[in-house]
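Worksheet for the structure shown next.
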Amino acid sequence: MKKLYSPTNESELMVIKSLLEAEEIPYYVQNDEFGSLYSGIFLTNFNAKTIMVPDEFYETAKDLISNFENEP
Numbered sequence: 152m153k154k155l156y157s158p159t160n161e162s163e164l165m166v167i168k169s170l171l172e173a174e175e176i177p178y179y180v181q182n183d184e185f186g187s188l189y190s191g192i193f194l195t196n197f198n199a200k201t202i203m204v205p206d207e208f209y210e211t212a213k214d215l216i217s218n219f220e221n222e223p
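Our numbering puts the first residue of the sequence shown at 152, with every later residue one more than the last.
Below, the structure written as structure tokens:
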């Protein structure tokens with residue numbers, strides 16, 4: 152699995168999950184449930200959510216997110 156993206160908020164995470172599901176790209180969100188806990192200071196490895204995809208889907212998923220970010 153490769154790190155694809157770290158969304159800045161829950162809304163962005165939901166949109167990206169929907170995009171990946173629509174294209175049938177498997178993914179895993181590291182800290183998906185636990186990362187919602189704001190237990191003091193923000194530590195990337197502790198409470199940041201990170202979208203991971205299998206290596207063979209990485210380029211396709213990366214292009215998908217890039218196209219989404221560049222839409223007007």
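For each residue, glycine too, the CB sits at the ideal point set by N, CA and C.
Predicted model only: the values in this text are computed from it and were never measured.
Legend entry - First and last residue of the uninterrupted beta strand (DSSP E) at residue 201: 201-204
Legend entry - Of the listed residues 152, 201, 174 and 175, nearest to residue 163 (C-alpha basis): 201
Legend entry - 6 Å CB neighbourhood of residue 178 in its chain, flanking five on each side removed: 171, 202 and 204
Inset, instruction - Check residue 209 in the structure and name its three-state DSSP category. - result: helix
Inset, instruction - Report the option in 215, 223 and 222 whose CA atom is closest to the CA atom of residue 175. - result: 215
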